[in-house]
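Engineer:
Chains as they are written, first to last, in this note's numbering: chain A, 1 to 404; chain B, 1 to 404; chain C, 1 to 404; chain D, 1 to 404.
1. So, residue 419 (chain C) versus residue 195 (chain C), is the Cβ gap smaller than 8 Å?
2. Thinking C-beta only, is residue 15 (chain C) closer than 8 Å to residue 50 (chain C)?
3. At least one CB of chain C closer than 8 Å to the CB of residue 74 (chain D): is that the case?
4. Against chain B, does residue 39 (chain A) count as a neighbour if the rule is that its beta carbon must be under 8 Å from one of theirs?
5. Please list, in chain order, all residues of the same chain as residue 331 (chain A) whose beta carbon is under 6 Å from its beta carbon, the five residues on each side excluded.
6. Could you tell me which residues DSSP puts in a beta bridge with residue 369 (chain D)?
7. Kindly list the residues whose CB is nearer than 7 Å to the CB of residue 159 (chain D), restricted to its own chain and excluding five residues on each side of it in sequence; keep chain order.
8. Taking its Cβ as the centre, do 16 or more other Cβ atoms sit within 10 Å of residue 197 (chain A), making it buried, or is it exposed?
9. Is residue 312 (chain D) helix, strand or coil when you go by DSSP?
10. If I measure Cβ to Cβ from residue 365 (chain B) and keep anything under 7 Å in the same chain, skipping five residues before and after, which residues do I get?
11. Helix, strand or coil, according to DSSP, for residue 94 (chain D) in the structure here?
12. Cα separation between residue 127 (chain D) and residue 281 (chain D)?
13. Say whether chain B places a C-beta atom closer than 8 Å to the C-beta of residue 24 (chain A).
14. Does DSSP put residue 337 (chain C) in a helix, a strand or coil?
15. I'd like to know whether the C-beta of residue 302 (chain C) is nearer than 8 Å to at least one C-beta of chain B.
16. Select from the region 250-270 of chain A all residues with a C-beta closer than 9 Å to any C-beta belonging to chain D, and list them in chain order.
17. Buried or exposed: where does residue 336 (chain C) fall if 16 or more other Cβ atoms within 10 Å of its Cβ makes it buried?
18. Comparing the C-beta of residue 233 (chain A) with each C-beta of chain B, is any distance below 8 Å?
19. What residues of chain A sit near residue 243 (chain B), judged by a beta carbon separation below 7 Å?
20. When you compare the CB positions of residue 144 (chain A) and residue 381 (chain A), do they come within less than 8 Å of one another, or not?
21. Let's see if you can read the secondary structure: which residues bound the alpha helix (DSSP H) around residue 123 (chain A)?
22. Which residues in the same chain have their Cβ closer than 7 Å to the Cβ of residue 354 (chain B), if we skip the five residues on either side of it in sequence?
23. Does the beta carbon of residue 216 (chain A) sit closer than 8 Å to a beta carbon anywhere in chain D?
24. With contact counted as at least three CB pairs below 8 Å, one residue from each stretch, are the region 230-245 of chain B and the region 147-157 of chain B in contact?
25. Which value, in whole angstroms, describes the spacing of the CA atoms of residue 320 (chain B) and residue 247 (chain D)?
26. Following the continuous beta strand (DSSP E) through residue 161 (chain C), name the residue where it begins and the one where it ends.
27. Would you kindly check if the distance between the Cβ of residue 37 (chain A) and the Cβ of residue 21 (chain A) is under 8 Å?
28. Quick check on the burial criterion: 16 or more other C-beta atoms within 10 angstroms. Buried or exposed for residue 64 (chain C)?
29. With a cut-off of 8 Å, does the C-beta of residue 210 (chain B) fall near any C-beta of chain A?
30. Along chain B, which residues have their Cβ under 7 Å away from the Cβ of residue 246 (chain A)?
31. Which residues in the same chain as residue 211 (chain B) place their Cβ atom closer than 6 Å to its Cβ, once the five residues preceding and following it in sequence are excluded?
32. Against residue 277 (chain A), what residues of chain D qualify as contacts under a CB-to-CB distance less than 8 Å, listed in chain order?
33. Taking the alpha carbon of residue 256 (chain C) as the reference point, which residue from D:101, D:312, D:272, D:74 has its own alpha carbon closest?
34. By Cβ distance below 7 Å, which residues in the same chain neighbour residue 309 (chain B) in space, the five residues on each side in sequence not counted?
35. Taking only beta-carbon positions, decide if residue 226 (chain D) is within less than 8 Å of chain C.
36. Which residues, in chain order, does the region 283-303 of chain B contribute to contact with chain C at a C-beta distance below 7 Å?
Structure follows, in structure tokens:
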């Protein structure tokens, strides 16, 4: 490392330290910043010049000091850096932009391109453009993004596996394709893991360092937050609980590929069960659950059965990862009628059951998780990484030198 | 923070940085150290004076330089800091001391004090003394220790729960009791988690960041290493897979407290099964497994059944945490006859099974895990923690100032 | 066959026909009998002489005829032929004598000889003597008997197999031993089959030609009446439903000999379940069931589980033998609390469940069955058999000639 | 009853007795018959005149007597009375005529009328006509018939219930409809019961009084012969083992109507299992079993699973009816590959398994059973019934008087 670059690095590090403190403590005066960071007055002036010039910092008011003088206080310009998040499902894509203070500045939901593959990749890129327009910010202000997708993203191979309901993504180097189109750094997350992350950020997992989020809808999946980190597993397949040995014999050939639990719960299973009892055919699952309020004994029985399967699955999850809480989500899991039954079932198989609640974010959980994840990634890029950061990468050529 | 302390802190930080580099790169010369750390020559002299005076560093030889001059090279004095580890089981305690280079300098195994509680605590303290004597090092050189215990250690409450086979430890603030007796900082780990840690350090988990260690003996338990960290769970009960819904209906009252899987596998279950088939009574489990080689069809059937239960348990574990490998340990799990059957069972319920192997460390796995864990703790205390470290705590009064 | 014996046979046959009609239609006059049987007046006189002389028939009154004359009417002397029945259980023996009109003339209950084997055989013989004394009839008037025993009586080999709770009877030629001691013809029946027979005779099976009686107490067993006959099976083991594949995996080694259903229900299972839930230890099963009225949720859960097992067993029984009704008996099966739960369970697994009721005879069902069975045997011996009958065998030497 | 009819009855009874003996003992001379029956010479002459005139008896040869004279010997004319049998399946009808000696004189197989109901009834009637023509006997010589049908024939209501695969027969008073079209007395039997009967008559059940025949093909069903009688149950549904609690939880809503065992075995289940393991799609079950010889591990696994279910079903059947043997039939059950696996499975769940063999009659078992059943019915009508018999009914007006 040359002396020159080492000086540049030092300046950049100082610049980061100051920016970090403004973000964490702002509005704040220069004097306070100097005291905290130990940065000398002249350097601080230089730093502020750069930060203001580059749009990171803005004056946010004036504060009366102790000795009668008032001081200007500064904040980070919230929209200087935006994070893009998208939760891509088989039928819908939810996408949003969040600013540096965590405020969502634009949000949308569209139908997923049925052609899958590159069409979906293109669709995601268009959404980023649309949202920037909607929020009235420059597209280049989007510095990072996270995309939630069904399936297991194997970080080692960079490939998405086990994608159940979007064509043309299985085995794909999806992250590279997305970064190429979006022009900012992208991370990929499993959709249910993202929902767990979302619940931790602003939902039923707030304040918890270890909990599980179980999504029960068309199928069943789980995201686990363990010591504040998403549990991914060796191949990104942690939480794929469709195969849990619950509800059927795991050695029965019929569940070998589909998964024992998956065949026992979820929309298709609920409809099958209801019809097998002689219930009305082709009824929507939502409607079957609604019938509980009409004292439909078939619906009650079906839900009891599903709840017992989910209860045993929760038992298995607790045996392996010991979460402080289990949050139920998904179109079926979010129903109060399901929650009460699952709680009863769990009480029947666990002497010391965990707290069980319903998702607070509903269908937006996954999206909020991508925003939280993307924001964390950006923070790490800006403030934790050594040396050359994404912040610098963003800015082309000579400019980078100025910032650093 | 006063200026004085801030200077002391800077000196201490410098001292740490130098020591860290000697440990990581030694034998190394002062010149090389200065180049790497950017520490000036006078400061380096001062640092070396302190490190040598305090016994951390020793001359380990002389190296021929490029320009004909030879330079002295330095290493860390391995036994300046020792770590104590003990794996406390219902019948035996294994204990050892490991030095800073990872070499075990003394090791022993004794019968567990049957009276339990304080007797076991005292026994552990005596073991530390004995080992120090045996290694011929000062007792005060033991700077940290880790104790592996059956049960779940809830870090939040500091209490040990669910202790199956040692009296007087359930609900105990065991860490405080041990630190009071041992005089150095102690961490507590679940015995099976420690075994997993041991396998990662020097066994079948070497090089793996995510894997599961399943101990099958009297009972069944699991330790998971996930992204290089022990998976503990919210209450320290992660991996308590005795309750997995496998081998019996989890809603059956008879498995409500004992756990479905626990009643289906383990020594008692194997004996029950063997006798229920009309096999010889009161036969030791080891002997029952031995009989496989005598074409005992009852033994074969019993082992097949147990393997199917273990196989379904592995399926459940993979569904939740997706390990890259499953290592079988414990008196039963370590048997080749069991491994081959479990592999066959897993192939029958998982289309893409994980690698499954046997523990390489056998009954020493847990002990080695405590040594690894203790060494990591010490490293963190010495080199990662901010400000006042255990290293400093170790040294009383004015001495601390000298080191820092 | 000589002419002489053929005439004797004809006379005996005539005698039987007349006796049969008196038994079925009495009180009845000689004239009516002559009209019905076509027996000539002189032969009828001869027949009556013999029947009266031998004590079979007695004048029971006088009836006003159509044309003013009154006629004597005759009935069978009820106590001319008695039938002995005994229901032999592990702890108690119930025994009784029944006369030709079906009236029980003496009945007793004693503790089973704990020494088993010949001691029990002798005890049964003593009971026959005691009952005859109590009823004040000649011991020789007991012409037949039926003994109900636990286990399967294999008529082909004449041996009693699978005797769970009386020593010294397994594999025994029990019928020969009993006939040798009792001095009259004896038939052996399974105790639960006898209870089914008793319920058909005078209990909840009255008027039904096909039903099942399930005894649930210490263990579980079943007697089936099919087209008015006891279903025995090829080796007398029909109804041994302890082995039904219900409540546990029938391929699990632990149920290989004991039977899956047997391990899931019955007194021991109920106690195990109750205690496994944390219920009071060493509580009598009767008391556990009583606790339902005290809102003991553990007792409720245990009974629900047992009822589900019994319900699935009833499903299996219906699939195989299609009974019109299932009668629950035994100390546990007779409880109203169990009945209501079993009905609910059955409704959950059978779209068209059979009628399910409780035994009307309680602990006397088996005894009454032996009396019914013995009476039928005697009837067949007297009136259905060709040639030399037990009736004739009873009467020694020359007398036989007289009767015939 | 008038004197006249009573004389007629006596003559008819005599005629029957003689005919019975000729049938049982023929060829036989008049003198021998007289000796056996005690019928006087003149009466015997009269009886022979009538029997010959009516075609029942024919001279079958001449036998050398003891004292030099030869005597004519008589036999029953085999085709004087024929019995019609038909085994009606969802796709095929097998039908045949059997004569009085048990010889099948005509047999055919046709596709079942797909329109069902009355079309099938008409088709059966046509088959009787066709077979009579083929055998070259008068249609009026068919005196009785038995029709085997899928479903449960409730003798009490005269209705056929639970007919799985022929339209328009459910709930039908099928016997009345058939008798109206066929013009002779008809009995209805369940097709699998008939197969059991057939196996007892001329197959793997010959000589056994108690055994079970399990048909495993599209679905699963059972016929039990108990003490030489078909076990029918209260509503004709005995042996409907599709609902046995084997292979799935009987309380699972999905098996509530279809039956747990039915969903686990049979053609559809085998195909499902094979495909779920990744096997070739839309393969015929016969072909899947064939693949065992090509070491197809998927086929082997599927068959093992099916065999375990069948094995547990056999366990249940033995627990309830204790058969001496279990005969496997049906397109799947008749396969040697299935037999060997079922035997192995049964050895794994029963310490004392029954003998298990394969059907000897294959797809003709049911037909042969109807012929045996019809022949028995005819025998009873001719020789066991009191008073007015079908034999008499057959012969119109004055003729009847002459015979009687």
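Where a beta carbon is used, it is the ideal one built from N, C-alpha and C, also for glycine.
No experiment lies behind these values; they were computed from the predicted model shown.
Structural biologist: Let me lay it out:
1. With chain C running from 1 to 404 in the structure shown, residue 419 (chain C) is simply not present.
2. Taking 8 Å as the cut-off, the Cβ atoms of residue 50 (chain C) and residue 15 (chain C) count as close.
3. Against chain C, the CB of residue 74 (chain D) has no partner CB under 8 Å away; the residue lies outside that interface.
4. No, because no Cβ of chain B sits closer than 8 Å to the Cβ of residue 39 (chain A).
5. Once the five neighbours on either side are set aside, the close Cβ partners of residue 331 (chain A) are 217.
6. In DSSP, residue 369 (chain D) forms no bridge with anything.
7. Once the five neighbours on either side are set aside, the close Cβ partners of residue 159 (chain D) are 171, 172, 173.
8. The residue is buried, with at least 16 neighbouring Cβ atoms inside 10 Å.
9. Here residue 312 (chain D) sits in helix by DSSP.
10. Taking residue 365 (chain B) as the centre and dropping the five residues before and after it, the same chain places the C-beta of 195, 198, 199, 203, 329, 359 closer than 7 Å to its C-beta, in chain order.
11. Residue 94 (chain D) carries a strand assignment under DSSP once its states are collapsed to helix, strand and coil.
12. Cα to Cα, residue 127 (chain D) sits roughly 39 Å from residue 281 (chain D).
13. By this cut-off, residue 24 (chain A) is not an interface position.
14. Residue state, collapsed to three classes: helix.
15. Under the Cβ criterion of 8 Å, residue 302 (chain C) is counted among the residues facing chain B.
16. Residues of the region 250-270 of chain A that bring their beta carbon within less than 9 Å of a beta carbon in chain D comprise 251, 252, 253, 254, 255, 256, 257, 258, 264, 269, in sequence order.
17. When all chains shown are included, residue 336 (chain C) counts as exposed.
18. Against chain B, the CB of residue 233 (chain A) has a partner CB under 8 Å away; the residue lies at that interface.
19. Neighbours of residue 243 (chain B) across chain A, judged by C-beta separation under 7 Å: 315, 319.
20. Yes, they are a contact pair.
21. Boundaries of the alpha helix (DSSP H) harbouring residue 123 (chain A): 117-135, taken from the DSSP string.
22. 318, 323, 324, 325, 326, listed in sequence order.
23. Using a Cβ-Cβ cut-off of 8 Å, residue 216 (chain A) does not count as an interface residue toward chain D, since no Cβ of chain D sits closer than that to its own.
24. Touching, yes, given that three or more Cβ pairs across the two stretches are closer than 8 Å.
25. Near 27 Å, if we compare the C-alpha coordinates of residue 247 (chain D) and residue 320 (chain B).
26. Unbroken beta strand (DSSP E) run through residue 161 (chain C): 159-161.
27. Yes, they are a contact pair.
28. Exposed: under 16 other Cβ atoms inside 10 Å.
29. Output row for residue 210 (chain B): interface = yes.
30. Going along chain B in sequence order, the residues near residue 246 (chain A) (Cβ under 7 Å) are 245.
31. Excluding positions up to five away in sequence, the list reads 205, 225, 323, 324, 325.
32. Among the residues of chain D, those whose CB is under 8 Å from the CB of residue 277 (chain A) are 253, 256, 257, following chain order.
33. Closest by alpha carbon: D:312.
34. Take residue 309 (chain B), set aside five residues on each side of it, and the residues of its chain with a beta-carbon closer than 7 Å to its own are 246, 247, 261, 264, 265, in chain order.
35. Output row for residue 226 (chain D): interface = yes.
36. Of all residues in the region 283-303 of chain B, the ones placed with a Cβ closer than 7 Å to any Cβ belonging to chain C are 301, 302, in chain order.
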